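For reference, the structure discussed in these notes is given below.
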Ligand SMILES: Nc1ncnc2c1ncn2[C@@H]1O[C@H](COP(=O)(O)OP(=O)(O)O)[C@@H](O)[C@H]1O
Ligand SMILES: *[C@@H]1O[C@H](CO)[C@@H](O)[C@H](O)[C@H]1NC(C)=O
Ligand SMILES: *[C@@H]1O[C@H](CO)[C@@H](O)[C@H](O)[C@H]1NC(C)=O
Ligand SMILES: *[C@@H]1O[C@H](CO)[C@@H](O)[C@H](O)[C@H]1NC(C)=O
Ligand SMILES: *[C@@H]1O[C@H](CO)[C@@H](O)[C@H](O)[C@H]1NC(C)=O
Ligand SMILES: *[C@@H]1O[C@H](CO)[C@@H](O)[C@H](O)[C@H]1NC(C)=O
Ligand SMILES: *[C@@H]1O[C@H](CO)[C@@H](O)[C@H](O)[C@H]1NC(C)=O
Ligand SMILES: *[C@@H]1O[C@H](CO)[C@@H](O)[C@H](O)[C@H]1NC(C)=O
Ligand SMILES: [Mg+2]
């Protein structure tokens, strides 16, 4: 972790003069022809030099495939935009900013090292390769190297397989997340063990970051992390290191989530299905998240947002029969129908849904929900766990639950018979006399959300310590009022924004 901090600090401190000039990422070059010949001749007992050459070929092949994938996302967007609104591209063009020119280049490792005649330099790029350009339009904020050249409050947030993520404060005001390839991470580690070429391994990994950046840009939605910008700059070992600048969140902690109120947990599930609904109908087609674990998401203001998109895919699996449309999960397997077009029907959408079920819904949806909503939630958990519904139906069911909750209709059939009377005291609060309850919005007291005063009274009846409660003027995301429950009322004092109810003993 210390090493990472140093690496990033070095990255920031290093002259970023070159950064803006080096907005160029060279496309790795290699000769497909030669590679094919190598493959054809590929006997198991190759001499070491040939092994080295062919493994470098593998790396180049991987880099090329990643690059092609990135281009596909770019094109897909263009085609759709052009089909929908002729001339749309022309209109958006001036807003776009060059990400990189993909001019034919050379493999960095071979360009920089001496080679013996027995170990010839890596072949040049295929001549005539059209020089493609990747562009991004970065609104509303377009941050770049200049903005992250002088940051404060840098601290490590987390890392996964490929990237390391840091928090940083720009201009002492705007807190952002900075993502870059983690030099100490598993991805680079694994590649170095196989190929031993740092610069090329970096390039391979950085395509994941580029892919993510393009997807963050193309998939604009309240539950997709916002991309603010990016920066290419030189670092110690590597020219052109890429840092992306995004909205800041907090890493999703399942243990923590399990301790929050049902209302907040429902919000996570609700934002997740809204995200999945968008992904199923996205401008790029139906997007699936191949790595769906909770750590690929962050929380921003109580909402869930996806941050890790390097394992997203828009390809629907091709098939000739239903047997090809097999989805395997640790606890359950599914077989989806193969469509007449030869694609596994809704596989991307269903994979997302089952993952949402197994990582989120089972843990977050039913437990400690209002009793009258429980049956509806059990149906949702069961139907997603069985993949009976598509995302549209799932959204509709969660929306119904939200409606019942927000409108207070969920209280309809519960017997509402407060036994005690309460004395209402406007513009008053109780300073102390807190007791703890679960799951409270405040760890020192008992702060819960209610639909109305009647529900607050019911809760007070249920808590043996409760002698009074204070209605605050604060509301939760569903518009419910926060109420602080108290074990006494001796410390009453005036407060314009609050109303106190004191239990009257009879
Ligand atoms: N915008 C963000 N704000 C806060 N933490 C983040 C943000 N993005 C990612 N993280 C944290 O960093 C970790 C690694 O980021 P991620 O994009 O998932 O990288 P990887 O591809 O290596 O898995 C995540 O698991 C998450 O905890
Ligand atoms: C960096 O920020 C500090 C404090 O905000 C400021 O005093 C300093 O001039 C800045 N340096 C550069 C190079 O912008
Ligand atoms: C930071 O301040 C500089 C100089 O005042 C300005 O050019 C830049 O746009 C600011 N960046 C952000 C993110 O506010
Ligand atoms: C799922 O399929 C795999 C491969 O056919 C099999 O080994 C496994 O037992 C199946 N799991 C379940 C839960 O049916
Ligand atoms: C759904 O309900 C059926 C019938 O009660 C049950 O057999 C099945 O195990 C449930 N599935 C899940 C995923 O909860
Ligand atoms: C309340 O009961 C009525 C009649 O049984 C039913 O139609 C309604 O759906 C119930 N409401 C809730 C929120 O359960
Ligand atoms: C109060 O407790 C009763 C019995 O345990 C329960 O049925 C009811 O739902 C509770 N009411 C509230 C508002 O917590
Ligand atoms: C709630 O009370 C606070 C504290 O007095 C006050 O600043 C705020 O404006 C109030 N908000 C609303 C929505 O009434
Ligand atoms: Mg991740």
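Numbering (the working numbering), first residue to last: 8 to 513. Note that CB positions come from ideal geometry on N, CA and C, so glycine has one too. The model shown is predicted, which means the values in this text are computed figures rather than measured ones.
Is it true that the CB of residue 77 sits closer than 8 Å to the CB of residue 218? Taking the first residue of the chain shown as position 1, residue 218 is located at position 211. Taking the first residue of the chain shown as position 1, residue 77 is located at position 70. Yes; because the gap between Cβ atoms is below 8 Å, this pair is in contact.
Using the C-alpha atoms, what's the distance from residue 173 back to residue 162? Position 155 of the chain shown, counted from the start, is the residue given in the question as residue 162. Position 166 of the chain shown, counted from the start, is the residue given in the question as residue 173. Approximately 5 Å, taken between the alpha carbons.
Report whether the distance from the Cβ of residue 365 to the nearest heavy atom of ligand 9 is below 7 Å. As a position in the chain shown, residue 365 is number 358, starting the count at 1. Incorrect: residue 365 has no Cβ contact closer than 7 Å to ligand 9.
Whole runs of the beta strand (DSSP E) within the segment 197-253, excluding any shorter than 3 residues: 234-240, 248-253
Check whether the Cβ of residue 340 sits closer than 7 Å to any heavy atom of ligand 4, and report yes or no. Your numbering for residue 340 matches position 333 in the chain shown. At least one heavy atom of ligand 4 is nearer than 7 Å to the Cβ of residue 340, so yes.
Taking only the alpha-carbon atoms, compute the straight-line gap between residue 367 and residue 497 and give it to the nearest angstrom. Working through the chain shown from its first residue, we reach residue 367 at position 360. Working through the chain shown from its first residue, we reach residue 497 at position 490. Cα-Cα distance, rounded: 43 Å.
Kindly indicate the opening and closing residues of the alpha helix (DSSP H) around residue 190. Position 183 of the chain shown holds residue 190. Unbroken run through residue 190: none, as it is neither H nor E.
What does the alpha-carbon distance come out to for the pair residue 55 and residue 205? Numbered from 1 along the chain shown, position 48 holds the residue referred to as residue 55. Numbered from 1 along the chain shown, position 198 holds the residue referred to as residue 205. Note that residue 55 scores a pLDDT of 47, beneath 50, so its modelled location is shaky; the value from the coordinates is reported in the next line. Their Cα atoms are separated by approximately 20 Å.
Kindly provide the chain-ordered list of residues whose Cβ lies closer than 6 Å to any non-hydrogen atom of ligand 5. 389, 392, 393
Relative to the C-alpha of residue 460, which candidate in 477, 453, 452 has its C-alpha closest? As a position in the chain shown, residue 460 is number 453, starting the count at 1. Closest by alpha carbon: 477.
Beta-carbon gap between residue 409 and residue 357 smaller than 8 Å: To locate residue 409, count along the chain shown from 1; it is residue 402. To locate residue 357, count along the chain shown from 1; it is residue 350. Against a cut-off of 8 Å, the Cβ pair of residue 357 and residue 409 comes out as no contact.
With respect to the alpha helix (DSSP H) encompassing residue 389, which residues constitute its N-terminal and C-terminal limits? By 1-based counting over the chain shown, the position of residue 389 is 382. First-last of the alpha helix (DSSP H) with residue 389: 381-392.
For the candidate residues 494, 255, 294, 243, whose alpha-carbon lies nearest to that of residue 317? The residue given as residue 317 occupies position 310 in the chain shown. Comparing Cα positions, the closest option is 294.
Beta-carbon proximity of residue 183 to residue 171, cut-off 8 Å: Translated into the one-based positions of the chain shown, residue 183 becomes position 176. Translated into the one-based positions of the chain shown, residue 171 becomes position 164. No.
Which class does residue 507 belong to by DSSP, given the choice of helix, strand or coil? Here residue 507 is taken as the residue at index 500 of the chain shown, counted from 1. If DSSP states are grouped into helix, strand and coil, residue 507 belongs with the strands.
In terms of residue numbering, what span does the beta strand (DSSP E) encompassing residue 488 cover? By one-based count along the chain shown, residue 488 stands at place 481. Run containing residue 488: 488-493, per the beta strand (DSSP E) assignment.
Would you mind reading off the limits of the alpha helix (DSSP H) that contains residue 460? One-based indexing of the chain shown puts residue 460 at position 453. First-last of the alpha helix (DSSP H) with residue 460: 460-469.
Contact check, residue 510 vs residue 437, beta carbons under 8 Å: In the chain shown, residue 510 corresponds to position 503, counting from 1. In the chain shown, residue 437 corresponds to position 430, counting from 1. Not a contact, by the Cβ cut-off of 8 Å.
Return helix, strand or coil for residue 301, following the three-state DSSP convention. For the purposes of this step, residue 301 is identified with residue 294 of the chain shown, where counting begins at 1. In the structure shown, residue 301 sits in a helix (DSSP, three-state: H, G or I).
From this set, 332, 417, 224, which residue's C-alpha is nearest residue 343's C-alpha? In the chain shown, the residue the question calls residue 343 occupies position 336. Of 332, 417, 224, the residue nearest in Cα terms is 332.
Thinking just about the alpha-carbon of each residue, which of 227, 240, 220 is nearest to the one in residue 156? Mapped onto the chain shown, residue 156 falls at position 149. Among 227, 240, 220, the Cα nearest to that of residue 156 is on 240.
Using a Cβ-Cβ cutoff of less than 7 Å, which residues in the same chain neighbour residue 194 once the five nearest sequence positions on both sides are dropped? The residue you call residue 194 lines up with position 187 of the chain shown. Excluding residues within five positions, the ones whose Cβ falls inside 7 Å are 168, 169, 212.
Straight-line gap, residue 457 to residue 475 (C-alpha atoms, nearest Å): Your numbering for residue 457 matches position 450 in the chain shown. Your numbering for residue 475 matches position 468 in the chain shown. Between residue 457 and residue 475, the C-alpha separation is close to 15 Å.
Does the contact criterion of 3 or more C-beta pairs under 8 Å hold for the segment 433-448 versus the segment 265-277? yes
Can you tell me whether DSSP reads residue 442 as helix, strand or coil? Here residue 442 refers to the residue found at position 435 of the chain shown. If DSSP states are grouped into helix, strand and coil, residue 442 belongs with coil.
Excluding five sequence neighbours on each side, which residues of the same chain lie with their C-beta closer than 7 Å to the C-beta of residue 264? On the chain shown, position 257 is the one that residue 264 refers to. Taken in chain order, the residues that qualify are 272, 275, 371.
Please name the residue, chosen from 442, 229, 191, that lies closest to residue 471 on a Cα-to-Cα basis. Here residue 471 refers to the residue found at position 464 of the chain shown. Comparing Cα-Cα distances from residue 471 to each of 442, 229, 191, the minimum goes to 442.
Given this structure, state the Cα-to-Cα distance separating residue 31 from residue 289, to the nearest angstrom. In the chain shown, residue 31 corresponds to position 24, counting from 1. In the chain shown, residue 289 corresponds to position 282, counting from 1. Legend: pLDDT at residue 31 = 24, less than 50; position of this residue unreliable, value from coordinates given subsequently. Going from the Cα of residue 31 to the Cα of residue 289 covers about 29 Å.
To the nearest angstrom, how far is the alpha carbon of residue 403 from that of residue 490? As a first step, residue 403 is located in the chain shown; it is residue number 396 there, counting from the start. As a first step, residue 490 is located in the chain shown; it is residue number 483 there, counting from the start. For residue 403 and residue 490, the distance between alpha carbons rounds to 30 Å.
Less than 8 Å separating the beta-carbons of residue 222 and residue 80? Here residue 222 refers to the residue found at position 215 when the chain shown is read from its first residue. Here residue 80 refers to the residue found at position 73 when the chain shown is read from its first residue. Yes, these two residues count as a Cβ contact at 8 Å.
Skipping 5 residues on each side, what residues in its chain have a beta carbon closer than 7 Å to that of residue 225? On the chain shown, residue 225 is found 218 positions in, with the first residue counted as 1. If we look at residue 225 and ignore the five residues flanking it on each side, its Cβ neighbours are 80, 84, 290, 291.
Closest residue to residue 208 among 71, 315, 303, 360 (Cα-Cα distance): By one-based count along the chain shown, residue 208 stands at place 201. Checked all of 71, 315, 303, 360; the closest Cα to residue 208 is 71.
Tell me whether residue 75 sits in a helix, a strand or coil according to DSSP, three-state version. What you label residue 75 is simply residue 68 of the chain shown in a count that begins at 1. Here residue 75 sits in helix by DSSP.
State buried or exposed for residue 73, treating a residue as buried only when at least 16 other CB atoms are found within 10 Å of its CB. Here residue 73 refers to the residue found at position 66 when the chain shown is read from its first residue. By the neighbour-count rule (16 or more Cβ atoms within 10 Å), residue 73 is buried.
Closest by CA to residue 483, which one among 413, 303, 432, 508? What you label residue 483 is simply residue 476 of the chain shown in a count that begins at 1. Here the closest residue by C-alpha is 413.
Less than 6 Å between C-beta atoms, sequence neighbours within five positions excluded: which residues of the same chain meet that for residue 321? Taking the chain shown and counting its residues from 1, the one referred to as residue 321 is at position 314. Around residue 321: 291, 292, 294.
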